[in-house]
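The structure under discussion appears below in the form of structure tokens.
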Amino acid sequence: MPGILASIQLRSLPGLIAFVLLWLLLVEGSHLLLALLRRDQLIGWAIGPLGITTLFVREPSRFYIVLEALLPALVSGSMVYIGFFTAFGPVALPHHLLLMIGVTLVGVLITSTGDIVNALCDLLYPLWGEARVLRHIQILRASWATIHFTPFGRSYLLDRFQATPTDLLKAF
0 MPGILASIQL RSLPGLIAFV LLWLLLVEGS HLLLALLRRD QLIGWAIGPL
50 GITTLFVREP SRFYIVLEAL LPALVSGSMV YIGFFTAFGP VALPHHLLLM
100 IGVTLVGVLI TSTGDIVNAL CDLLYPLWGE ARVLRHIQIL RASWATIHFT
150 PFGRSYLLDR FQATPTDLLK AF
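Residue numbers are given in numbering that gives the first Met the number 0: position 150 of the sequence shown equals residue 149, and the series is strictly consecutive.
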């Protein structure tokens with residue numbers, strides 16, 4: 000272990016900061032790409048400390064739920080590997096197999112634990128319709144996210160809950 004710690008090199012501190020920002024941006028971008036490819040009726044979106052979240056009317060397919068957890072994890076793992084174990088990265092770590100697996104796994108867990116937990120909840124305890132919308136709004140309100148509703152989302156809330164978005168958010 001002392002040999003591994005002695006061989007860690009920080010090539011560039013601004014490069015490390017830029018790498019972390021790019022890493023998080025690409026993981027969030029993969030979420031947004033999947034949301035755009037879904038082509039479902041969008042109720043709204045939320046911007047919060049945990050990233051950008053989209054609210055759709057229908058429960059997604061099992062394939063989409065799994066893909067929503069695996070694609071960002073794959074992007075995260077690739078970025079961590081590139082950032083720490085290639086010549087392009089701002090930090091140079093030694094090429095030991097266990098270290099490569101461990102660092103990559105920690106990076107994936109940092110960015111994708113919530114996605115994996117959400118996917119398991121959606122697969123094991125699926126909700127449909129209004130219950131699904133209310134659960135997502137409640138989770139987003141608890142995370143201090145700012146929720147923005149589309150015109151379709153406003154009419155959906157008025158039709159299903161007889162409430163405006165402001166009234167519904169005050170109730171939570």
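Beta carbons: idealized from backbone N, C-alpha and C, even for Gly. Since this is a predicted model, take the numbers as computed values, not measurements.
Using 8 Å as the threshold, is the C-beta distance between residue i and residue j below it?
i    : j   : result
A118 : I64 : yes
T53  : A34 : yes
Y155 : V56 : yes
S6   : P89 : no
Report the rounded CA-to-CA distance for residue i versus residue j, giving the unit in angstroms.
i    : j    : result
F18  : I109 : 15 Å
T103 : I16  : 18 Å
L32  : P48  : 19 Å
A144 : A45  : 6 Å
L25  : L167 : 33 Å
W127 : I138 : 16 Å
Q40  : A91  : 45 Å
A68  : E27  : 12 Å
I42  : T149 : 6 Å
A77  : H95  : One point to set straight first is that residue 77 is Ser, not Ala, in the sequence displayed. Each residue's Cα considered, the two are about 17 Å apart.
Could you check where the alpha helix (DSSP H) with residue i kicks off and where it finishes?
i    : result
W22  : 12-37
I81  : 61-84
H135 : 128-141
F148 : Here F148 belongs to no alpha helix (DSSP H); instead the beta strand (DSSP E) covers 145-148.
Can you give me the Cβ contacts of residue i inside the same chain, cut-off strictly under 6 Å, excluding the 5 residues immediately before and after it?
i   : result
Y80 : T103
Between the Cα of residue i and those of the options, spot the shortest distance and give me the residue it belongs to.
i    : options             : result
L66  : I115, Y124, D39     : I115
Q8   : L96, A86, G43, P150 : A86
D121 : L36, R61, L23       : R61
Which two residues bound the contiguous beta strand (DSSP E) that contains residue i?
i   : result
G50 : 50-55
I'd like the list of long-range same chain contacts for residue i, defined as Cβ closer than 7 Å, with 5 residues on each side in sequence excluded.
i    : result
R131 : E58
F171 : I136, Q137, R140
Excluding the 5 residues preceding and the 5 following residue i in the sequence, name in chain order all residues of the same chain whose CB lies nearer than 8 Å to its CB.
i   : result
S11 : P89
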